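Sequential numbering of the sequence shown, starting at 1, is according to the numbering used here. In this text, a Cβ means the ideal position worked out from N, Cα and C, and glycines have one as well. Computed from a prediction, not measured in an experiment: that's the story for all the values here. To keep things clear, I will list the structure first and then write my remarks on it.
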Amino acid sequence: MKATWHGQVIADSAQTLEVGGYRYFPRSAVRMELLTAAPKNASDKVCPHGVQFYDVADASGRSERAAWSYEKPQTFMKQVDQWIGFWGDVTLSD
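In structure tokens:
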């Protein structure tokens, strides 16, 4: 599975997990240098899973809050603790 943003692969792994309708990548498979932690808003702060959103950016542009991870996941989300999910301008493909 690959995550692509603006024509470049930002994550690539054969060991992704689908949880709650979203696909998550192990952090080691993600180009973390392209992710910057976004400031937490009020909804983020009350998330029971401790969500952290990330902006995806390089010299060509920025997609705000296009990635996220859970820092304190509860229940069934524990299986993706610290893994990265993508949405918005990020395209997932096999």
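Rounded straight-line distance, which links the Cα of residue j to that of residue i
{"i": "proline 48", "j": "glutamine 8", "result": "32 Å"}
{"i": "glutamate 64", "j": "methionine 77", "result": "23 Å"}
{"i": "glutamate 33", "j": "arginine 62", "result": "13 Å"}
{"i": "lysine 72", "j": "glycine 21", "result": "19 Å"}
{"i": "threonine 75", "j": "aspartate 44", "result": "18 Å"}
CB of residue i within 8 Å of CB of residue j, strictly
{"i": "glutamine 82", "j": "valine 19", "result": "no"}
{"i": "valine 51", "j": "tyrosine 70", "result": "yes"}
{"i": "isoleucine 84", "j": "alanine 67", "result": "yes"}
{"i": "alanine 11", "j": "arginine 31", "result": "yes"}
{"i": "phenylalanine 25", "j": "threonine 16", "result": "yes"}
{"i": "arginine 27", "j": "methionine 1", "result": "no"}
{"i": "threonine 4", "j": "serine 93", "result": "yes"}
Local conformation of residue i per DSSP, three classes
{"i": "tryptophan 87", "result": "coil"}
Within-8 Å CB hit, residue i to chain D
{"i": "leucine 17", "result": "Among the chains in the structure shown there is no chain D, since it carries only a single protein chain."}
So, does the segment 82-92 touch the segment 54-72, judging by three or more C-beta pairs under 8 Å?
Look at the beta carbons and you see the segment 82-92 touching the segment 54-72: at least three pairs across the two are nearer than 8 Å.
Which whole runs of the alpha helix (DSSP H) in the segment 7-82 are 4 residues long or more, in chain order?
Note on the segment 7-82: whole alpha helix (DSSP H) runs with a minimum of 4 residues are 42-46, in chain order.
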